[in-house]
Amino acid sequence: RFSDPERVNYKFESGTCSKMELIDDNTVVRARGLPWQSSDQDIARFFKGLNIAKGGAALCLNAQGRRNGEALVRFVSEEHRDLALQRHKHHMGTRYIEVYKATGEDFLKIAGGTSNEVAQFLSKENQVIVRMRGLPFTATADEVVAFFGQHCPITGGKEGILFVTYPDGRPTGDAFVLFACEEYAQNALRKHKDLLGKRYIELFRSTAAEVQQVLNRFSSAPLIPLPTPPIIPVLPQQFVPPTNIRDCIRLRGLPYAATIEDILDFLGEFSTDIRTHGVHMVLNHQGRPSGDAFIQMKSADRAFMAAQKCHKKTMKDRYVEVFQCSAEEMNFVLMGGTLNRNGLSPPPCLSPPSYTFPAPAAVIPPEAAIYQPSVLLNPRALQPSTAYYPAGTQLFMNYTAYYPSPPGSPNSLGYFPTAANLSGVPPQPGTVVRMQGLAYNTGVKEILNFFQGYQVSTLKKKNTQCPYYLS
């Protein structure tokens with residue numbers, strides 16, 4: 106007979122976690138390779154016999170807000186964590202799961218939150234959480250209650266619904282709903298893709314950590330603050346291309362380490378047809394390359410030929426897809442929309458707030474005043490090396506769905522030769538600052554925060570030396 110038996114929890118308890126909480130690094134693991142539809146209860150069953158801390162199973166989301174097959178799991182003790190590591194490559198269904206050590210900081214990044222609204226919503230314990238996606242922006246709590254009906258009543262009625270909004274209060278189309286038991290939740294999930302108004306609604310099992318992640322991301326400020334009024338001249342109308350002319354190409358599937366030189370080599374003879382400032386690299390919400398780029402060509406014919414001859418050519422052992430598109434479509438994608446064979450899908454922010462700046466009379470000519478100044482990233486000029494070499498690689502953050510006004514690429518600012526360029530004189534940048542000794546994991550966000558208060562006109566990052574052009 107055991108004198109002091111250790112108790113094993115019968116079931117996993119959901120709960121919240123504060124960002125201020127101290128978590129022992131020796132109690133956290135990272136599970137990788139999870140089925141995308143798995144829940145925190147599935148994770149608890151995978152680690153059956155080990156005590157997971159309350160609210161200690163946090164499913165990770167990718168840049169698009171979808172589960173990426175990873176989870177961070179916090180155990181009650183180091184001993185249980187060590188036993189969990191021994192389940193490395195055990196199976197969940199037909200998939201084997203990798204289990205690695207992680208840190209308390211890793212867990213807090215995913216599961217931690219400070220929102221009182223979320224804490225109040227999750228204060229009802231032992232509730233099953235369901236995530237709704239694709240709601241009409243005008244949907245109300247009463248309509249959500251009616252959508253689920255009497256067979257799956259929501260805990261607390263309208264109090265059991267949490268709508269996700271942007272910082273300015275606009276709805277994102279997402280919501281979380283609480284149900285008192287598994288039976289009600291299963292009845293609710295059967296309504297997956299049922300219509301609410303004229304839109305079908307996607308339903309998924311969710312977790313407290315996922316609620317925290319989604320609310321944190323939607324309510325956070327953009328990685329790049331709104332810039333000061335642009336100080337470079339707005340181009341005259343003759344340089345603004347008609348939006349319906351398909352004189353651009355889109356490169357998809359680029360190696361993440363691809364450089365401007367790689368793109369020029371890839372395009373070969375067509376590299377001479379690239380407009381000045383015509384290369385636009387797309388970054389994800391973390392400031393890293395997304396594998397996409399847009400190239401502005403000198404004519405629609407050359408764009409068509411480039412798309413025909415370069416489609417599915419290889420770059421560093423990866424084949425790259427090349428599509429012809431227009432400047433309007435390019436801007437659309439850079440603002441968070443998608444462009445595919447089915448046409449354009451609008452960005453999540455259908456009515457982004459408009460920001461205006463007073464136009465400096467000495468810089469912007471009267472005939473150009475009709476163009477609204479851009480609030481997006483300023484074009485970034487590299488030192489020209491050859492006549493056809495694009496004067497700058499544009500880096501644009503594609504925030505997808507997390508920010509109220511995702512940066513995009515205006516087709517009327519900085520894409521084409523200025524008067525100085527046309528005369529053969531390269532544009533004169535502002536002060537040049539060289540940064541040395543940066544940490545290898547330093548990202549765009551950290552560098553921009555470092556220069557907060559200064560207008561950064563140009564960015565080129567190579568190894569650990571990052572020249573900045575400050576205006």
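The sequence shown begins at 106 in the numbering used here and counts up by one. Virtual Cβ for every residue (Gly too), placed ideally from N, Cα, C. Quantities reported herein were computed from a predicted structural model and do not represent experimental measurements.
How should residue i be labelled, buried or exposed, when 16 other C-beta atoms within 10 angstroms of its C-beta is the threshold for buried?
i	result
residue 119	buried
residue 155	buried
residue 554	exposed
residue 167	exposed
residue 485	Reliability of the predicted coordinates at residue 485 is poor, the pLDDT of 43 falling under 50, and no value is obtained from them.
residue 127	exposed
residue 248	exposed
residue 542	exposed
residue 199	exposed
residue 310	buried
residue 454	For residue 454, the pLDDT reaches just 44, beneath the cut-off of 50, and the residue's location in the model is therefore unreliable, although a value from the coordinates is still provided. With 16 or more other Cβ atoms within 10 Å, it is buried.
residue 544	exposed
residue 382	buried
residue 395	buried
residue 274	exposed
residue 406	exposed
residue 465	Confidence in residue 465 is poor, its pLDDT being 42 and thus under 50, which makes the residue's placement too unreliable to answer from.
residue 600	Because the chain spans 106 through 576 in this model, residue 600 falls outside it and cannot be assessed.
residue 538	exposed
residue 271	buried
residue 211	buried
residue 556	exposed
residue 322	buried
residue 404	exposed
residue 393	exposed
residue 143	buried
residue 452	Residue placement at residue 452 is poorly supported in this model, since its pLDDT is 49, which falls under 50; the coordinates still yield a value, given next. Classification for residue 452: buried.
Please tell me whether residue i and residue j are closer than 8 Å, where the distance is taken between their beta carbons.
i	j	result
residue 130	residue 209	yes
residue 425	residue 371	yes
residue 397	residue 356	yes
residue 293	residue 253	yes
residue 401	residue 365	no
residue 157	residue 240	no
residue 246	residue 266	yes
residue 269	residue 251	no
residue 145	residue 260	no
residue 415	residue 351	no
residue 588	residue 435	What the structure shows of the chain is the stretch from 106 to 576, and residue 588 is not part of that stretch, so it cannot be assessed.
residue 233	residue 284	yes
residue 179	residue 161	yes
residue 384	residue 317	no
residue 387	residue 170	no
residue 215	residue 138	no
residue 353	residue 244	no
Please find out if some non-hydrogen atom of the ligand SAM comes closer than 7 Å to the beta-carbon of residue i.
i	result
residue 362	No copy of the ligand SAM occurs in the structure displayed, which carries no ligand at all.
On the DSSP bridge assignment, give the partners of residue i in chain order.
i	result
residue 217	122
residue 180	157
residue 354	400 and 429
residue 394	388
residue 248	Beta-bridge pairing links residue 248 to no other residue.
residue 163	177
residue 309	236
residue 289	Per DSSP, none; premise fails for residue 289.
residue 420	423
residue 113	In the DSSP output, where bridge partners are listed per residue, residue 113 has none listed.
residue 172	166
residue 196	201
residue 270	276
residue 136	176 and 204
residue 304	301
What whole-angstrom Cβ distance do residue i and residue j have, given they're in contact under 8 Å?
i	j	result
residue 204	residue 235	Actually they are not in contact, since the Cβ atoms of residue 204 and residue 235 sit about 28 Å apart, beyond 8 Å.
residue 315	residue 164	6 Å
residue 237	residue 308	6 Å
residue 176	residue 148	6 Å
residue 124	residue 213	6 Å
residue 423	residue 360	5 Å
residue 141	residue 112	That pair is no contact at about 33 Å.
Problem - Three CB pairs or more closer than 8 Å across the segment 131 to 149 and the segment 297 to 306 - result: No, the segment 131 to 149 is not in contact with the segment 297 to 306.
Problem - the segment 362 to 381 / the segment 402 to 416 touching (three or more Cβ pairs under 8 Å) - result: Per the Cβ contact rule, the segment 362 to 381 is in contact with the segment 402 to 416 (3 or more Cβ pairs under 8 Å).
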